[in-house]
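Here the working numbering is used: the first residue of the sequence shown is 5, the next is one more, and so on.
Some notes on the structure that comes next.
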Amino acid sequence: MFYFFILTLKMKREIDLYTSNVMRIKRLEKGWSQQQLADYMGICGRNFISDIESFKKPDKLNIYHINLLAEIFDCSPREFLPEKPILEK
């Protein structure tokens with residue numbers, strides 16, 4: 005059971021895919037590159053953004069990132085979350 009718990013932490017969940025997709029859509033609507041968004045977030049290099057947007061990498065947005073993105077995109081942090089809970093399969 006402990007092994008399963010560790011594995012789940014490393015995999016992206018549906019909610020992670022949802023939030024990263026919202027970030028990607030908002031970035032593209034602004035016409036920004038991954039590097040530009042990384043610069044606005046104060047992150048060195050575009051790899052972080054690329055890894056977040058990649059469905060194959062385990063990198064995820066945390067609450068700090070969502071709050072920062074809401075500030076950058078001048079929107080509510082709620083826009084990065086679905087209206088209803090996403091049930092894991």
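Ideal Cβ positions, reconstructed from N, Cα and C, are used throughout, including at glycine.
Under three-state DSSP, which class holds residue 33?
On the sequence shown, residue 33 is found 29 positions in, with the first residue counted as 1. Note: residue 33 maps to helix in three-state DSSP.
Apply the 10 Å Cβ neighbour rule to residue 82 and answer buried if 16 or more other Cβ atoms are within range, or exposed otherwise.
Residue numbering aside, residue 82 sits at position 78 when the sequence shown is read from its first letter. Burial call: exposed.
Work out the CA separation of residue 51 and residue 22 for me, nearest whole Å.
Looking up residue 22 in the sequence shown gives position 18. Looking up residue 51 in the sequence shown gives position 47. When only Cα atoms are considered, residue 22 and residue 51 end up about 19 Å apart.
What does the Cβ neighbour count give for residue 24, buried or exposed, with the cut at 16 atoms within 10 Å?
Here residue 24 corresponds to residue number 20 of the sequence shown, with the count starting at 1. Buried, because 16 or more other Cβ atoms sit within 10 Å of the Cβ of residue 24.
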